Structures are given as C-alpha cells and as structure tokens.
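Engineer: The structure is given below, and queries will be raised subsequently.
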Amino acid sequence: MSEEKRDDPSKAAKNIGANHYRADPPKVDLPPTIRAPYHRPSGKRRWLIVWGVLGLLILIVLVLVYAQAIFYSSPEPVAKVEPSFVPPSTLTPTAMPSATPIINRDEFVLIEPTATSTPVSGGRIAILKPAQSETGWVVSEESKDDPNPDKPNHFGDSFLYAGVLDGKIYHAAFQFDLSSVPRGTKIYGASLNLNSLRIDLLNNEEGGVWQVQILAPELSYNWESIDFELLHNALPVGTL
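So the sequence shown is numbered by my numbering: it starts at -10 and just counts up by one.
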C-alpha cells in the first residue's frame, strides 16, 4: 500500500503568508512636509499699508472732483475786447502863425492856417516821428573846429539850425518813414508840429520867416549822405 505524500499544514500556512506579503505594494518613503513659519507683519509695515490705502483713496477723490469741474463747468463769458485806439470825437483847430513869403505861383503853397481835421468814422490817427539819424542840418561853410570835417551833413544832432548867421546859410532837414502806412491808404489830413528853441533870433524887422518846404521824393534815396549844395539847390514841390 503506497503512502500518499501530504503537505504539512504549517508549511502551507507559511506559504500563504508569504504569498500575501508578496502581493502588497512596496512602501515608499515620502519627504517630510515642511511648513513655513507664520510671521506676523511688523508695525511699520502695517502703517505703510494703511497710508498707501489712504493715499489711493485721496487720489481717487481728487480725480473725481477735477473731472466734475472740467466736464460740468459752465463756460466763462467772453470778454468784449475794446480797441486800444479810440479816435477823439472832436479836435480843436490850432492856428498857425501867419507869414508873407515870396511865392512862386507854379508851386503848391498853403498860405492860410489849416485846422486839424476830425477823423472820419472808422479812421485812425497815425503819429509819425523822424528818426534821429535822418534828422539834422547842413551849413554853407563848415567851421575849422568841426569834429567831422569829411561828413557832408550834421544828421543825428539833437538840434535843427535854419537861417543865416554870421554870413553862413543853415538848412535843417528831416524825413518821415511812411512804410508803416499801408499802400493805398487814403489820407484826409496831416499836421506838422515844430518847437522853436530861440524865437529871439528871428528878425521880424527885415521880414524874416521860417518856411517848411516839401522836397522831391528822389532826394530821399541818398538822404543820409545829402550835402549843403544838393539841399540848397533842390526845388521844393510844396511850401508850408
């Protein structure tokens, strides 16, 4: 009778346990979790945050206020601009001293005193003053102590000399720059004011008189270099 081979129950239990342990997954060691420590903000940092929030609120309020002032402000009334030049309503005529000069009938002469005209409606008054470099005098014979013997005239002097003194003939001369008057402007009237320095030198007993002569425009081309001969022999186109 043959003997059957039987397994030992204790060994079978061990084998079952071994199979059980083999079926479990291997354990993996995980790194430990590290938590950062909680730091409470310092007092200085808290104040900085508070002031930053307040500053932002103030900025928002200012933007809203200025935006309202810009978009909802009423337009300012436009100021009426008054003209800087207002012509006088009336002008008082100023009489000129009478004179009886020798008159050439072919010349344009104003004998009677003329009154200053009243500006027309919409017109204006222009005051012209000759430049100092274009104002002066010439003499028939220069003195020996003349500081500028080569200069043909005495333009730029602060005085004007006209007449005859010690056998010398003096002519005063000046011109006006009309470039400020627009071309084509209609001139309704003009007046000339001259102030005498010494009236006692005018010899009324011999019929002495001062005249203002209007010269031809061709003389103005070389006005600053004009001399006594040119001025003395120039034919006037008008006499005041």
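We treat Cβ as the ideally placed atom computed from N, Cα and C, and that holds for glycine.
Here the structure is a predicted model, which means the values were calculated and not measured.
Reducing DSSP to helix, strand and coil, say where His143 ends up.
Structural biologist: coil
Engineer: On the DSSP bridge assignment, give the partners of Gln202 in chain order.
Structural biologist: Partner(s): Thr228.
Engineer: How many angstroms separate the CA atom of Lys157 from the CA atom of Ser129?
Structural biologist: 6 Å
Engineer: Give the secondary structure of Gly125 by DSSP, where H, G and I count as helix, E and B as strand, and everything else as coil.
Structural biologist: strand
Engineer: Give the secondary structure of Tyr55 by DSSP, where H, G and I count as helix, E and B as strand, and everything else as coil.
Structural biologist: helix
Engineer: Could you check what DSSP says for Val109 in three-state terms: helix, strand or coil?
Structural biologist: Assigned with DSSP and collapsed to three states, Val109 falls in coil, not helix or strand.
Engineer: Counting C-beta neighbours from all protein chains within 10 Å, is the total for Gly125 16 or more, i.e. buried, or is it exposed?
Structural biologist: buried
Engineer: Measuring only from the beta carbon, is Glu123 closer than 7 Å to any heavy atom that is part of the ligand GDP?
Structural biologist: Within the structure as shown, the ligand GDP is missing, as the structure has no ligands at all.
Engineer: Can you list, in chain order, the residues of its chain with a C-beta nearer than 8 Å to that of Phe163? Leave out the 5 residues immediately preceding and following it.
Structural biologist: Pro119, Glu123, Thr124, Gly125, Leu149
Engineer: If contact is defined by three or more beta carbon pairs under 8 Å, each pair taking one atom from either stretch, is the segment 219 to 228 in contact with the segment 191 to 207?
Structural biologist: Two segments are said to touch when three or more pairs of C-beta atoms, one from each, lie closer than 8 Å; by this definition the segment 191 to 207 touches the segment 219 to 228.
Engineer: Find the nearest neighbour of Pro141 within the set Ser214, Ser209, His160, judged by alpha-carbon distance.
Structural biologist: When each option's Cα is compared against that of Pro141, the closest is Ser214.
Engineer: Who are Leu154's beta bridge partners in DSSP?
Structural biologist: Lys157
Engineer: Could you check which residue in Asn137, Phe144, Gly44 has the C-alpha nearest to that of Val127?
Structural biologist: Phe144
Engineer: When DSSP labels each residue in this structure, what does Phe165 get in the three-state scheme?
Structural biologist: The answer is coil: DSSP assigns Phe165 none of H, G, I, E or B.
Engineer: Suppose contacts are defined by Cβ-Cβ distances below 8 Å. Is Leu208 in contact with Phe165 by that definition?
Structural biologist: Annotated as distal: Leu208 and Phe165, with beta-carbon spacing of 8 Å or more.
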